[in-house]
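2 protein chains.
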Amino acid sequence: METLDAATLRQQARAGRFAAPTAGQAPGKLQANLVALPERNAFDFLLYVTRNPKPMPLIEVLEAGRYESRHARGSDVRTDVPRYRVFRHGQCAGEIADAREVWRPDLVTFLIGCSFTFETAMLRAGIPVRHIEQGRNVPMYRTNRATTPAGIFGGPMVVSMRPVAAGLVARVAALTARYPLAHGVPIHVGAPKALGIEELARVDFGEAVSVEQGEVPVFWACGVTPQLALETARVELAITHAPGHMFVTDAGDETANLEAL
Amino acid sequence: METLDAATLRQQARAGRFAAPTAGQAPGKLQANLVALPERNAFDFLLYVTRNPKPMPLIEVLEAGRYESRHARGSDVRTDVPRYRVFRHGQCAGEIADAREVWRPDLVTFLIGCSFTFETAMLRAGIPVRHIEQGRNVPMYRTNRATTPAGIFGGPMVVSMRPVAAGLVARVAALTARYPLAHGVPIHVGAPKALGIEELARVDFGEAVSVEQGEVPVFWACGVTPQLALETARVELAITHAPGHMFVTDAGDETANLEAL
Numbered sequence: 001m002e003t004l005d006a007a008t009l010r011q012q013a014r015a016g017r018f019a020a021p022t023a024g025q026a027p028g029k030l031q032a033n034l035v036a037l038p039e040r041n042a043f044d045f046l047l048y049v050t051r052n053p054k055p056m057p058l059i060e061v062l063e064a065g066r067y068e069s070r071h072a073r074g075s076d077v078r079t080d081v082p083r084y085r086v087f088r089h090g091q092c093a094g095e096i097a098d099a100r101e102v103w104r105p106d107l108v109t110f111l112i113g114c115s116f117t118f119e120t121a122m123l124r125a126g127i128p129v130r131h132i133e134q135g136r137n138v139p140m141y142r143t144n145r146a147t148t149p150a151g152i153f154g155g156p157m158v159v160s161m162r163p164v165a166a167g168l169v170a171r172v173a174a175l176t177a178r179y180p181l182a183h184g185v186p187i188h189v190g191a192p193k194a195l196g197i198e199e200l201a202r203v204d205f206g207e208a209v210s211v212e213q214g215e216v217p218v219f220w221a222c223g224v225t226p227q228l229a230l231e232t233a234r235v236e237l238a239i240t241h242a243p244g245h246m247f248v249t250d251a252g253d254e255t256a257n258l259e260a261l
Numbered sequence: 001m002e003t004l005d006a007a008t009l010r011q012q013a014r015a016g017r018f019a020a021p022t023a024g025q026a027p028g029k030l031q032a033n034l035v036a037l038p039e040r041n042a043f044d045f046l047l048y049v050t051r052n053p054k055p056m057p058l059i060e061v062l063e064a065g066r067y068e069s070r071h072a073r074g075s076d077v078r079t080d081v082p083r084y085r086v087f088r089h090g091q092c093a094g095e096i097a098d099a100r101e102v103w104r105p106d107l108v109t110f111l112i113g114c115s116f117t118f119e120t121a122m123l124r125a126g127i128p129v130r131h132i133e134q135g136r137n138v139p140m141y142r143t144n145r146a147t148t149p150a151g152i153f154g155g156p157m158v159v160s161m162r163p164v165a166a167g168l169v170a171r172v173a174a175l176t177a178r179y180p181l182a183h184g185v186p187i188h189v190g191a192p193k194a195l196g197i198e199e200l201a202r203v204d205f206g207e208a209v210s211v212e213q214g215e216v217p218v219f220w221a222c223g224v225t226p227q228l229a230l231e232t233a234r235v236e237l238a239i240t241h242a243p244g245h246m247f248v249t250d251a252g253d254e255t256a257n258l259e260a261l
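These protein sequence lines are chains A and B, in that order. Residue numbering for the first sequence follows the working numbering, starting at 1 and increasing by one per position. Residue numbering for the second sequence follows the working numbering, starting at 1 and increasing by one per position.
Written out as structure tokens, the structure is:
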């Protein structure tokens, strides 16, 4: 697949010409999960986000009526994600390419860090990323780990998984620790059953990838977590990215670390 | 002055027997700024906090009706701060020892990190802390630096100042970088006028301390910043700690760093 820069990817998503997962795209740029929900649920949701920084590292909040991310010049969060999910009363009611058809002026938008962000650093360090090699979406799983609830929001943590050669696991942990806005260090290494994952081949989101001899499955907290919280909370209307189909910013992958100093 | 442990200090504050600044108290424990305001302003304020992590590193939010910090067993945020300020329509209407007399059930409480937290580490590293030596409150100044606004909240950043021997400044910066929940690295070193501070002897909060020959004034973002934002926002009712009179938790001074990994 062709590798696009961030601005081109957003333009193509807007024009309906890019509707695929964004892993491997816009190398070195910060990628983001998107959740938009009504203003009256915004305090509970922001509190939920701040209480769970591992699955939901906060990048930016756009107040109701704001659509351009300060990390993506000329962007529009309603059109620049390759694929959206629409939730009505907590149920996923379908996927759409352009969210303007269902957007409402009272929706507040949350951009939350994504682990695709650190994959450029993995590749540069010579550590292969299986779902990029296989041209698939990253595998994601619902776990038995509860998030810390806030108001109407709560529920299990979702994780993404990357198989890593056993001899590289510690190095990958140290490397991803540099990217706290991209979920940072893994939350678990090696034992899917301890997370309540019975079979790696049965993903809850994304696509399964092969785990080879000598590789260990490594799990990172995932920004799809709030999509499960929307279900529990039965929020009247919410719009999210489709898992793996991220909002791509112009910010460098380590930018946020500098801001947090 | 006698050094109290965190639980004893909270008990004595509750009983009206401790009403002094908390610098040097409860060594090695996380100290916190307190802001309580009505639920209807809580989203704007939480957004303001997350947009300004340097002056307002968030430790905890207690929803309306909750008074015990999860970082301080048996605590009550309405009584355990040595001294409170009450703001009505943005104006400081006075200081009180027990906030229960003005508390309302719709107040949401925010605990925000405080630079007193890293002073134990400074002392252990052999770096003197002048206001502790002189038995005074820390000097604090309003600056010409604007915070990033959110909703009704905005305004200038407040800083605390500690004089540091020139040869120790870089070490102090590196040391305090380990405490992002206590404002982390200084925001400025050496030039008060660049921050709009005309005279170090004229403090806006706390008390002035002497700056000796060979020492440089070092400035950290300060959790009194939101008290100025309350003025601008004219919030109907807000309760804060009195500057320097912090809520002292049982959490170790580095605890939050581990949680954020």
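All C-beta atoms, glycine included, are put in the ideal place defined by N, C-alpha and C. Note that the structure is a prediction, hence the values are computed from the model and not measured.
Query: Beta carbon proximity, Phe-43 (chain B) to chain A, threshold 8 Å; Result: yes
Query: Residues of its chain near Thr-143 (chain A), where Cβ-Cβ distance is below 6 Å and the 5 sequence neighbours each way are ignored; Result: Pro-156, Met-157, Val-159, Leu-195, Gly-196
Query: Selection from B:Glu-119, B:Met-140, B:Phe-43 that minimises the alpha carbon distance to Ile-132 (chain B); Result: B:Glu-119
Query: Integer-rounded CB distance, given that Thr-22 (chain A) should sit under 8 Å from Phe-110 (chain A); Result: With 8 Å as the limit, Phe-110 (chain A) and Thr-22 (chain A) do not qualify as a contact, their Cβ atoms being about 18 Å apart.
Query: Whole-angstrom distance between Val-102 (chain A) and Phe-247 (chain B), CA atom to CA atom; Result: 46 Å
Query: Interface partners of Thr-50 (chain A) on chain B, CB under 8 Å; Result: Leu-46, Thr-50, Leu-58, Val-61
Query: Contact belief for Leu-200 (chain A) with Val-211 (chain A) at Cβ below 8 Å, rounded distance in angstroms; Result: 6 Å
Query: Exposure label - Gln-227 (chain A); buried when at least 16 CB within 10 Å; Result: buried
Query: Extent of the continuous beta strand (DSSP E) run through Arg-85 (chain A); Result: 84–88
Query: Arg-104 (chain A) vs Leu-237 (chain A) beta-carbon contact at 8 Å; Result: yes
Query: Nearest-angstrom beta carbon gap, Val-61 (chain A) and Leu-46 (chain A) [assumed within contact, 8 Å]; Result: 7 Å
Query: Proximity of Ala-150 (chain A) and Pro-82 (chain A) at Cβ, strictly below 8 Å; Result: no
Query: Proximity of Pro-243 (chain B) and Gly-206 (chain B) at Cβ, strictly below 8 Å; Result: yes
Query: Three-state secondary structure (DSSP) of Asp-253 (chain A); Result: coil
Query: Candidates B:His-245, B:Gly-252, B:Thr-255, B:Glu-231: closest to Ala-93 (chain B) by CA position; Result: B:Glu-231
Query: Extent of the continuous beta strand (DSSP E) run through Thr-109 (chain A); Result: 107–113
Query: Reduced DSSP secondary structure (H/G/I, E/B, other) of Gln-31 (chain A); Result: strand
Query: Neighbour-count burial assignment, Lys-193 (chain A), 16 or more Cβ in a 10 Å radius; Result: exposed
Query: Reference Thr-147 (chain A); option with closest CA among A:Glu-63, A:Gly-223, A:Asp-5; Result: A:Gly-223
Query: Pro-128 (chain B) versus Val-169 (chain B): straight-line alpha-carbon distance, rounded; Result: 12 Å
Query: Whole-Å CB distance - Tyr-268 (chain A) paired with Asp-76 (chain A), under 8 Å assumed; Result: As shown, chain A starts at 1 and ends at 261. That puts residue 268 (chain A) outside it, with no answer to give.
Query: Contacts around Cys-114 (chain B), its chain only, beta-carbon distance under 7 Å, and the 5 residues preceding and following it disregarded; Result: Gln-31, Ala-32, Asn-33, Ala-182, Gly-223, Met-246
Query: Supposed close pair Leu-107 (chain A), Pro-38 (chain A) - CB separation, criterion 8 Å; Result: 6 Å
Query: Within 8 Å, strictly: CB atoms of Leu-72 (chain A) and Thr-240 (chain A); Result: Just to set this straight, residue 72 (chain A) is Ala in the shown sequence, not Leu. Going by C-beta atoms, Ala-72 (chain A) is not nearer than 8 Å to Thr-240 (chain A).
Query: Presumed contact (8 Å Cβ cut-off) between Arg-136 (chain B) and Val-209 (chain B), rounded CB distance; Result: 6 Å
Query: Proximity of Gly-252 (chain B) and Lys-29 (chain B) at Cβ, strictly below 8 Å; Result: yes
Query: Helix, strand or coil at Thr-143 (chain B) [DSSP, three-state]; Result: strand
Query: Three-way DSSP call (helix, strand, coil) for Met-157 (chain A) in this model; Result: strand
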